[in-house]
Every structure is written in structure tokens, then in C-alpha cells.
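Working notes for the structure below.
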Amino acid sequence: MFDLSIQEATLIQRKTEEIKKKLDEEFIKYSPSDNTIHITVSVSRNIKEVEVSENVKINSIISILNEVLSKVRYIFEIKRAEMLQEELKK
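Residue numbers (our numbering): 63 to 152.
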């Protein structure tokens, strides 16, 4: 297992929070091919904006949101790991 001091664990926690804030400012925009729905999600998985055409039923958005959030979750985990690794090298 890891043998971390309290200071090292605190540093990792603080760096992780800083990284999450940075990734919350990075956005991914998604629209299906019919352009009836436009979704903006931060890389930290916060939905920022959803625009829907008048003829779209609200329930049809759920599956698209799940798909987008799944993709963003993957991107978030990779970017967070890369950024944390870079921070810990310093």
C-alpha cells in the first residue's frame, strides 16, 4: 500500500480539487445529427446548458444526456490523472 504522510495526502487532496476546478471550466458541446438538442457539459461532468427544439419531448433528452455524461466521465478521469501526475512531479 502507500505510505503517505498527512501533509502529502493533504497536498494530493488540494491538487485534486484544483484540477477539478480547472476541468469545470473546460467544456464539451454535443448535438445529435438532427440538431434538435444542444448540450454543453463541463469536463468535470456538470451540465451547463441544454437547448431543445420545440418538437422534442423532454424524456428523449435523458438517453442523450446519459451518453454525453458517460463520454465526459471517461475524459474527466483521464485528464484528472494526467494533471495530477504532472503536479506530483513538481
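Note that beta-carbon positions come from the ideal geometry of N, C-alpha and C, so glycine has one too. Note that the structure is a prediction, hence the values are computed from the model and not measured.
Under 8 Å between C-beta atoms of Val103 and Val134: Here the question's residue 103 lines up with position 41 in the sequence shown. Here the question's residue 134 lines up with position 72 in the sequence shown. Yes, the pair counts as a contact, with Cβ atoms nearer than the cut-off.
Same chain only: Cβ atoms within 7 Å of Phe138, ignoring 5 sequence neighbours per side: Residue numbering aside, residue 138 sits at position 76 when the sequence shown is read from its first letter. Here the set comprises Leu85, Val105, Ser106 and Arg107.
Own chain partners of Glu111 with C-beta closer than 6 Å, once the 5 adjacent residues on each side are dropped: By one-based count along the sequence shown, residue 111 stands at place 49. Thr102, listed in sequence order.
Every unbroken alpha helix (DSSP H) inside the region 65-130 [4 residues or more]: 68-86
Cβ-Cβ separation, Ile99 to Val118 (assumed contact under 8 Å), whole Å: Residue 118 sits at position 56 when you count from the first residue of the sequence shown. Residue 99 sits at position 37 when you count from the first residue of the sequence shown. Confirmed, about 6 Å.
Buried or exposed by the 16-neighbour rule on C-beta atoms within 10 Å, applied to Ile81: Within the sequence shown, residue 81 is the residue found at index 19, counting from 1. In this structure Ile81 is buried. Its beta-carbon is surrounded by 16 or more other beta-carbon atoms within 10 angstroms.
Which of helix, strand or coil DSSP assigns to Lys133: Residue numbering aside, residue 133 sits at position 71 when the sequence shown is read from its first letter. Looking at Lys133 - three-state DSSP - the assignment turns out to be helix.
8 Å Cβ cutoff met for Glu149 and Lys83: Here residue 149 refers to the residue found at position 87 of the sequence shown. Here residue 83 refers to the residue found at position 21 of the sequence shown. Their beta carbons are not under 8 Å apart, which means Glu149 does not touch Lys83 by this criterion.
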